[in-house]
Amino acid sequence: MDNAKDGGTPYVSPFESVRGMSEEGFEYWSARDLAKILGYREWRNFRVTAIEKAKEACQNSGQAISDHFVESNKLIDIAKGAKREIDDYHLSRYACYLIVQNADPAKPIVALGQTYFAVQTRRQEQTDELAALSEDQRRLYLRGQLTDHNRQLAEAASHAGVIRPLDFAIFQDHGYMGLYGGMRTKDIHSRKGLKKSRQILDHMGSTELAANLFRATQTEDKIRREGVRTKEKANRTHFEVGKRSGKQLRS
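1017 is the number of the first residue of the sequence shown in the numbering used here; add one for each residue after it.
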């Protein structure tokens, strides 16, 4: 989903580019943004033909509509710098999946959306499956996931100028400082009573690994989505996402 374009710029799905994140750390999609991507010119038409059908499918699946279709408002610019408030929805990943399943199948972008949200929904299913595992099974699974996503994070960071080993060490420290309240790699080693040769990730429980996985995946996403191109901005991004991840770890 992130195949590089000419010149090495990674491809970002149009559906990924409009994904938002609430202050509580929950992802969502604006129904207005989704309608534009899917090529609907009239909001009323989109709401009646796609959203209402998706709500019905949601209810029929045994899910609470209010958990996936959250009524919201959005400010838009009108003449002479004034703004007007319009109705909108904050949609969950599952809500988006149901909408694209009920959108006009003749539009090529709809097929792309069906693929994108099917993959995203499967990831959520895997999260639910993870909850049923034992602590040791969760830890081993998350450790493997984190290894894979750290490689992807390193690739994204390299596009932002984080190339030398020292640059990457500083970049990694910024993520840890955000997550652990200012602690760098060496500080975490010390707190855990580890020698320098030991891997920090090998000495984390599933909750701590999950917070670090969130840090890695969300930082990679933000760097790619926002087209970060300097190591200073990459470091700042890693710190900010790490800080958000730290709230989850401490909650």
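We put the beta carbon where it would ideally sit given N, CA and C, even for glycine.
| Asked | Found |
| --- | --- |
| Nearest-angstrom Cα distance between Gly-1282 and Lys-1259? | Since the displayed the chain opens at 1017 and closes at 1267, residue 1282 lies outside it and no answer follows. |
| Taking the straight line between their C-alpha atoms, what separation do you get for Ile-1094 and Tyr-1056? | 20 Å |
| Gln-1188: buried (16+ other C-beta within 10 angstroms of its C-beta) or exposed? | buried |
| What are the complete alpha helix (DSSP H) segments, minimum 4 residues, inside the segment 1132-1215? | 1151-1175, 1181-1195, 1201-1208 |
| Can you pull the DSSP bridge partners for Ser-1046? | His-1106 |
| Kindly indicate which three-state DSSP category Thr-1025 falls into: helix, strand or coil? | In this prediction, Thr-1025 has a pLDDT of 48, which is less than 50 and means its spatial position is unreliable; nothing more can be read from the coordinates. |
| With H, G and I counted as helix, E and B as strand and the rest as coil, what does DSSP make of Gly-1221? | coil |
| Quick one: Cα of Lys-1238 to Cα of Ile-1125, how far? | 23 Å |
| Counting only beta-carbon atoms, is Lys-1259 nearer than 9 Å to chain B? | Structure shown: chain B not included; a single protein chain is present. |
| Please determine, among Leu-1225, Tyr-1110, Val-1116, the residue with the shortest C-alpha to C-alpha distance to Phe-1085. | Tyr-1110 |
| Note down, in chain order, each residue of its chain lying with its Cβ closer than 8 Å to the Cβ of Arg-1214, except the 5 sequence neighbours on either side. | His-1205 |
| To the nearest angstrom, how far is the alpha carbon of His-1254 from that of Gly-1191? | 5 Å |
| Buried or exposed for Gly-1243, going by 16 or more other Cβ atoms inside 10 Å? | exposed |
| Return the CA-CA distance between Gly-1269 and Gly-1197, expressed in angstroms with no decimal places. | Not covered by the structure: residue 1269. The range shown for the chain is 1017 to 1267. |
| Report the partner residues of Ser-1088 according to the DSSP bridge assignment. | Asp-1104 |
| Is Ala-1232 closer than 9 Å to Leu-1169 when the C-beta atoms are compared? | yes |
| By Cβ distance, which residues of its chain are closer than 8 Å to Gln-1079, with the 5 residues on each side in sequence left out? | Tyr-1110 |
| Please report the distance separating the alpha-carbon of Asn-1251 from that of Ala-1122. | 43 Å |
| Cutting at 6 Å between CB atoms, please list the residues of its own chain near Val-1135, excluding the five before and the five after it. | none |
| Should Ala-1066 and Ala-1119 be called a contact, given that it needs their Cβ atoms to be closer than 9 Å? | yes |
| If I follow the unbroken alpha helix (DSSP H) through Arg-1245, where does it start and stop? | From DSSP, Arg-1245 is part of no alpha helix (DSSP H); its letter is neither H nor E. |
| If you run the structure through DSSP and keep just helix, strand and coil, what is Arg-1035? | strand |
| Between which residues of its own chain and Asp-1104 is the CB-CB distance below 7 Å, once the five residues before and five after are set aside? | Ser-1046, Ala-1047, Arg-1048, Ser-1088, Asn-1089, Lys-1090 |
| CB Phe-1031 to CB Phe-1133, shorter than 9 Å? | yes |
| Alpha carbons only, please: which of Asn-1228, Arg-1035, Gln-1234 is nearest the one belonging to Gly-1160? | Asn-1228 |
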